[in-house]
Each structure stands twice: as C-alpha cells, then as structure tokens.
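Peer 1:
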Amino acid sequence: MEKEKFAIVDIGSNTMRLVIYERDNSGRLKEIENVKAVARLRNYLNEENVLEEEGIKKMLDTLKSFQEVSRHHQMKNVHTVATATIRQAVNKEEILQRAETETDFSIRLLSEYEEAYYGYLAVVNSTSIKNGITIDIGGGSTEITLFENRKLKEYHSFPFGALSLRKRFVNGELPDEKESALLNAYIKEQLQTLPWLNNKCLPVIGIGGSARNLVQVDQALKEYPFAGVHQYEMTPEDIKNVLTYLKSQSFEDLQRVDGLSKDRADLIIPAGMVFQILCSQVQADRFVMSRKGLRDGVFFEDLSREYGISAYPNVVEESFYEMAADFRIDLNHVIPVTNMVFDFVRLLEHHSLVSYSDEELTDLKRGAFVFNLGQYIDSESSSKHTFYLLANRTIDGLTHKERLKTALIASFVSKASLKQYLEPFQDWFTKEEQKNIRTSGAVLKFIYSFNSTKRNIVDSLDLAIINGVLTVHAYCSADWGPEAYQAEKHKKHVEKLFRMPVEIIFSYSERV
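Our numbering applies: residue 15 is where the sequence shown begins, and numbers increase by one.
(1) Excluding the 5 residues preceding and the 5 following residue 520 in the sequence, name in chain order all residues of the same chain whose CB lies nearer than 7 Å to its CB.
(2) Out of 381, 358, 412, which has the shortest C-alpha to C-alpha gap to residue 400?
(3) Using the beta-carbon count (16 or more within 10 Å), is residue 244 buried or exposed?
(4) Using DSSP with H/G/I as helix, E/B as strand and the rest coil, what is residue 58?
(5) Taking the alpha-carbon of residue 260 as reference, which of 187, 145, 433 has the nearest alpha-carbon?
(6) Out of 99, 266, 502, 20, which has the shortest C-alpha to C-alpha gap to residue 171?
(7) For residue 419, is the classification buried or exposed, using 16 other Cβ atoms within 10 angstroms of its Cβ as the cut-off for buried?
(8) Leaving aside the five residues before and after residue 414 along the sequence, list all residues of the same chain whose C-beta is less than 8 Å from its C-beta, in chain order.
(9) Three-state secondary structure (DSSP) at residue 517?
(10) So who's on the other strand from residue 490, going by DSSP bridges?
(11) Taking its Cβ as the centre, do 16 or more other Cβ atoms sit within 10 Å of residue 295, making it buried, or is it exposed?
(12) Using DSSP with H/G/I as helix, E/B as strand and the rest coil, what is residue 82?
(13) Return the chain-ordered ranges of every alpha helix (DSSP H) run that is complete within the region 103-161 and spans a minimum of 4 residues.
(14) Whose C-alpha, out of 222, 28, 249, is nearest the C-alpha of residue 233?
(15) For residue 311, which of helix, strand or coil comes out of DSSP?
(16) As a quick exercise: from 459, 410, 176, 84, pick the residue whose alpha carbon is nearest that of residue 397.
(17) Check for me: the beta strand (DSSP E) holding residue 2 runs from which residue to which?
(18) Spell out the partners DSSP gives residue 220 in its beta bridges.
(19) Since residue 485 sits in a beta bridge, which residues does DSSP pair it with?
(20) Over what stretch of residues does the alpha helix (DSSP H) that includes residue 357 continue unbroken?
(21) Report the three-state DSSP secondary structure of residue 402 (helix, strand or coil).
(22) Find the nearest neighbour of residue 283 within the set 306, 225, 315, 298, judged by alpha-carbon distance.
(23) Applying the criterion that 16 or more other CB atoms from any shown protein chain within 10 Å of the CB defines a buried residue, is residue 463 buried or exposed?
(24) Where residue 315 and residue 252 are concerned, what is the direct C-alpha to C-alpha distance, given to the nearest angstrom?
(25) As a quick exercise: from 486, 140, 524, pick the residue whose alpha carbon is nearest that of residue 518.
(26) Since I believe residue 22 is in contact with residue 309 (beta carbons under 8 Å), could you give me their beta-carbon distance rounded to a whole number of angstroms?
(27) Could you give the DSSP three-state label for residue 409: helix, strand or coil?
(28) Within the chosen definition, does the region 444-454 reach the region 405-413 through at least 3 CB pairs nearer than 8 Å?
(29) If we call anything under 8 Å between Cβ atoms a contact, is residue 423 one with residue 377?
(30) From the DSSP output, read off the bridge partner residues of residue 37.
(31) Quick check on the DSSP output: the alpha helix (DSSP H) that includes residue 281 runs from which residue to which?
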C-alpha cells in the first residue's frame with residue numbers, strides 16, 4: 015500500500031527548500047527528501063523594496079527545479095510558503111501571480127505572526143522545554159517568541175536577518191573591527207525595544223540554519239562524541255568562544271571550517287552576534303538548538319485541526335510511542351514487564367538495597383520501554399544495535415544526556431559492555447550516576463528474563479534476604495520452565511551488583 019506523502023516548499027530570504035515527508039507506522043511524518051537551493055533573494059530586494067527581475071527569475075527557476083522532484087513523487091498538493099523578502103516586496107502580488115502561472119506552486123505568504131508562531135509550535139512539540147525564548151534568524155527577518163507553560167505569550171518579527179545585516183553593515187566578506195562595533199550596537203538597540211526579554215533567565219532556543227551551523231562548529235571544536243544537533247546545549251561562554259574562533263579565521267579558512275556550511279561562511283558571524291546579545295539580554299544560562307522549525311510548525315498546525323490541540327501533551331511519550339511503531343515493540347510485553355521492574359525496585363528499596371530518585375525512576379522507565387530494542391535488527395548482537403540506534407536517533411523531548419542514559423540502560427548486557435559504551439562519555443556522568451545506570455541495566459536484564467516467552471505468566475514477585483542469600487519468589491499462572499532457565503542465566507548480574515548469591519523460587523499463584 016502506497017504511503018501517504020506531504021511536501022512543503024519554503025521560500026526563505028537566503029535559502030529555498032523542498033522537503034517531502036512520508037507518514038510512518040506511528041502516524042508521524044518522516045522526512046524522505048530535502049532539496050536545498052541558496053537563492054539569496056534578499057540580495058535582489060532594492061532600496062525601494064522592489065524584488066528585481068533577476069531575483070524573481072531566480073526564484074521561479076528554483077521552483078521549476080523543485081517541481082521536477084515533486085512531480086517524480088506525484089505530489090499534488092504542496093504547501094508553499096514564503097517569508098520576509100517576498101512579504102516586504104512592494105511587488106509581491108506580481109511575484110505570487112507569476113509563481114502560480116509559471117509553476118506548479120501556489121505561494122502562501124506568511125505574516126510576521128505566522129512565521130513566529132510556527133517556530134514556537136515546532137519547539138514546544140519537539141522539546142520538553144516548558145518556558146523559553148525562541149529565535150529564528152532568517153536571511154531577511156528575525157522572529158523571537160516568549161512562551162510560558164508551553165503557551166505563546168509574546169512574539170516579534172524584526173525586519174533584519176543574517177543576510178540583510180551583512181548587506182547593511184559589512185563591506186567585505188567579513189566584518190572588520192569597526193563594522194563589528196556598529197553591528198553590535200545596532201543589534202543591542204533593536205533587541206532592547208522588547209522589554210519582555212529583559213532578565214528572563216530562560217533558555218534561548220535557536221531555530222534554523224544559522225543556529226544549526228553555530229552548534230555544529232561548537233561540536234567540531236569539542237570533538238563531540240554524540241550524534242545529532244536537536245536539543246544540543248551551549249552556554250553563553252561557548253557562543254563567545256565559537257565567535258572568537260570564527261573571527262580569527264580568514265574568509266578562505268572560514269569556508270573550510272568543520273561544521274560550517276560554505277554558503278553560510280559570510281553570514282555566521284552576524285547571526286552569532288545576534289544569538290550572543292540575545293542570551294546576554296535574557297540572562298540565559300543555555301542556548302538550545304531545535305532542529306525542528308518553521309516547516310515542521312506548518313505541519314504541527316494540523317494537530318489543531320485533527321485533534322483540537324496545538325501541542326502534544328507529552329513530547330517524550332509521543333517519541334517513545336513513535337519508536338514502538340518503528341521497531342515493532344510489543345506493548346503487551348513491555349508494559350507488564352515495566353510494571354514488574356517497578357515492583358522489584360520497590361522490594362529492593364524495602365530491603366535498603368537501592369534508593370531511586372524520581373529522575374532515576376524516569377530513566378529506568380524509559381530504558382524498560384526500549385530495552386533490547388536492537389533485536390529488531392539482529393538478536394545475536396542486539397545490545398550493540400540497541401545502543402547504536404538509541405544513541406544516534408533524535409528522540410524529541412530528551413536532552414543528549416537523557417538520551418545517552420536511555421541507550422546505556424536499554425543496551426545493558428554486562429558490566430564490561432557498559433564500560434565500553436561509556437568510554438567516550440566518561441566526563442558526562444559522575445561515578446554515582448554510572449553506578450545507577452549499571453543498577454538499572456542489571457535489574458532490567460534480570461526481570462526481563464521472567465517474561466522471556468512474552469506470556470505474562472508471572473503474577474507477582476516477593477523478595478527476602480535469608481542467611482545472606484537474596485531470595486526471589488515468583489508466583490506464576492502457568493508453567494515457568496523457559497522463564498526459570500533465563501532467570502537462572504541472568505541472575506549473575508544481580509549477584510554481582512549486590513555481592514550476594516541469588517536464589518529464585520517459582521511456584522503457582524494461589525488462584526491457579
């Protein structure tokens with residue numbers, strides 16, 4: 015059966031993109047094509063705000079190129095949106111008419127509010143941040159929003175972007191010292207017109223290509239060992255260090271900097287300065303990258319129409335159910351085992367063998383949901399596949415550290431393998447945190463063996479410590495032969511953890 019496809023064309027001031035999505039098993043949209051063209055339409059908007067013929071022709075030629083791809087995918091209805099440059103052009107009606115006449119695309123011109131709103135919507139539906147400030151620096155405008163309790167409170171669209179700032183303040187490829195000072199003063203002056211930004215002490219969330227490139231340069235400089243940019247965090251000091259590094263490069267060297275797209279080499283410093291000044295005004299403790307932006311926001315808007323909500327109630331939960339669909343996780347198996355895991359932890363806590371915080375219980379629950387997920391690929395090396403899949407997959411709502419913890423717990427097979435997986439991330443976790451990860455992994459490995467045939471035959475567990483022996487009593491509703499074999503095989507993890515022998519007793523529940 016042919017999968018449902020959706021597409022969007024985003025006509026920005028710097029770049030134009032065609033992105034095609036396919037609805038997956040979970041009902042979420044997965045990107046399958048992403049075609050980019052650096053059109054720099056802003057450069058063709060003259061002082062009278064007329065988009066010159068050369069710029070219109072460049073836009074139309076790019077749209078004709080995109081339509082070859084959309085026709086190949088047999089896309090009939092393509093969302094086509096345009097932002098600041100077309101919005102600010104006095105001849106916009108002519109531009110929209112020519113696009114509709116000469117191409118397959120009918121352009122929807124986004125208002126300043128819509129452009130800001132879609133960015134906010136993408137952030138609250140792909141992160142767990144409840145209160146924050148978003149910033150999306152395009153080529154010709156900059157959208158900033160404030161949200162509290164995931165609700166939009168304020169928005170503003172500035173009529174400047176990375177391309178227009180460069181065009182106005184920089185004569186060469188890169189700003190010199192005097193130009194940087196003028197640029198700095200102008201950005202400060204503009205941002206200070208929004209008193210609702212002052213000293214908010216909230217995270218600043220960056221959206222779009224400039225934010226992505228800034229983050230990628232930071233990751234390259236740090237030799238960051240983890241995959242992905244979504245929800246990657248930088249401190250204001252990190253931004254300062256990256257900008258200092260970028261300003262020390264010649265333009266030729268800048269074009270070769272790891273993590274920086276060649277077509278953004280002349281824009282990254284003006285954009286980075288905006289991020290730096292905004293973080294200072296907000297007194298932000300962190301700058302967070304959102305890989306989801308305007309295009310995703312357009313599709314998230316469909317939530318309002320389809321379900322009557324503007325934001326997912328729980329972003330992390332949505333992400334895990336998405337993984338359940340993608341990797342065919344059997345919820346009839348996972349949910350009972352997760353409940354058994356929590357029952358076992360409570361028994362361990364009763365005997366003062368463990369002490370879990372709320373955060374650690376959440377980590378355990380996430381690890382239980384995707385435990386041994388890698389068997390979807392290959393049962394023989396499922397631990398490695400589990401770790402790789404979780405460590406390299408964007409999980410909306412989880413920070414990189416939370417995602418790594420989930421990967422480590424869910425892939426646990428032995429203390430030695432955990433040590434191997436942890437090797438590149440030693441400074442991410444304290445010794446106590448590493449011990450907690452090992453404890454959760456060992457408990458999961460052991461308890462999952464009590465449902466090895468996925469029959470849910472264990473009704474309850476009991477625990478006692480008798481003469482220095484940890485005795486686990488499993489009360490079952492059916493024959494437990496396969497479960498007993500697996501439990502005996504994996505009890506060694508618990509024995510090593512608590513440094514005492516484990517005895518397992520199976521018997522029928524009273525009701526059987």
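Beta carbons: idealized from backbone N, C-alpha and C, even for Gly.
Peer 2: Let's see:
(1) Correct list, in chain order: 488, 490, 494, 498.
(2) Comparing Cα positions, the closest option is 381.
(3) Buried.
(4) In the structure shown, residue 58 sits in a helix (DSSP, three-state: H, G or I).
(5) Distance check between residue 260 and each of 187, 145, 433 places 187 closest, using alpha-carbon atoms only.
(6) Proximity to residue 171 across 99, 266, 502, 20 peaks at 99, based on C-alpha coordinates.
(7) Buried.
(8) The beta carbon of residue 414 lies closer than 8 Å to those of 240, 242, 245, 246, 247 in the same chain, with the five residues before and after it left out.
(9) It is a strand residue.
(10) 472, 522, per the DSSP bridge assignment.
(11) Buried, by the Cβ-count rule.
(12) Residue 82 falls in the helix class under three-state DSSP.
(13) Runs found: 106-116, 126-138.
(14) Ranking the options by Cα distance to residue 233, first place goes to 249.
(15) When secondary structure is reduced to three states using DSSP, residue 311 falls in the helix class.
(16) Cα-wise, what sits closest to residue 397 is 459.
(17) Examination of residue 2 is not possible in this model, given that the chain is present from 15 through 526 alone.
(18) Answer by DSSP bridge pairing, in chain order: 149, 303.
(19) Listed as beta-bridge partners of residue 485 by DSSP are 478, 517.
(20) First-last of the alpha helix (DSSP H) with residue 357: 345-364.
(21) When secondary structure is reduced to three states using DSSP, residue 402 falls in the helix class.
(22) Ranking 306, 225, 315, 298 by Cα distance to residue 283 puts 225 first.
(23) So residue 463 counts as buried.
(24) Cα to Cα, residue 315 sits roughly 34 Å from residue 252.
(25) The shortest Cα separation from residue 518 among 486, 140, 524 belongs to 486.
(26) That pair is a contact at about 5 Å.
(27) In the structure shown, residue 409 falls within a coil segment according to DSSP collapsed to helix, strand and coil.
(28) Output reads no: the region 405-413 does not touch the region 444-454.
(29) Yes; because the gap between Cβ atoms is below 8 Å, this pair is in contact.
(30) DSSP links residue 37 through a beta bridge to 43.
(31) Looking at the DSSP string, residue 281 is not in any alpha helix (DSSP H), and its letter there is neither H nor E.
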